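Student: Next up is a structure, given as structure tokens.
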């Protein structure tokens, strides 16, 4: 992810992850499930999520099972700019 003229530039995996997170609207999703849905490896999703969090584009919330064990995190798009980037990516993917 890089910034050019005040706009955040996303690589394919970052854009796809951001778009998926926007579509999930806070529902928990494992990195393995994200990788399967995006069509990449789990490590690529891990890097994309790390970068999106560092840039402030997403927030992650840990979720827990009734027995106290941690489940898949819940992710949310955290800014209007990040949501706009997700929508731009969706438009690029549909072209």
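Numbering (our numbering), first residue to last: 2 to 96.
Think of the CB as a built atom: it goes at the ideal place given N, C-alpha and C, for glycine as much as any other residue.
Note that the coordinates shown come from a computational prediction; the quantities given were computed from them, not determined experimentally.
On the DSSP bridge assignment, give the partners of residue 78 in chain order.
Tutor: Per DSSP, 59.
Student: Which residues in the same chain have their Cβ closer than 8 Å to the Cβ of residue 76, if we skip the five residues on either side of it in sequence?
Tutor: The answer, listed in chain order, is 22, 25, 27, 30, 50, 59, 60, 61, 62.
Student: Classify residue 6: buried if its beta carbon has 16 or more other beta carbons within 10 angstroms, exposed otherwise.
Tutor: In this predicted model, residue 6 has a pLDDT of only 45, less than 50, meaning its place in the structure is not dependable; the value taken from the coordinates is given anyway. It is exposed - the Cβ of residue 6 has fewer than 16 other Cβ atoms within 10 Å.
Student: Since I believe residue 14 is in contact with residue 45 (beta carbons under 8 Å), could you give me their beta-carbon distance rounded to a whole number of angstroms?
Tutor: Residue 45 to residue 14, Cβ: 5 Å. Contact.
Student: What is the residue span of the alpha helix (DSSP H) that residue 15 lies within?
Tutor: Run containing residue 15: 13-25, per the alpha helix (DSSP H) assignment.
Student: In whole angstroms, give me the CA-to-CA distance for residue 2 and residue 12.
Tutor: Bear in mind that the predicted position of residue 2 carries a pLDDT of just 46, short of 50, making it too unreliable to give a figure here.
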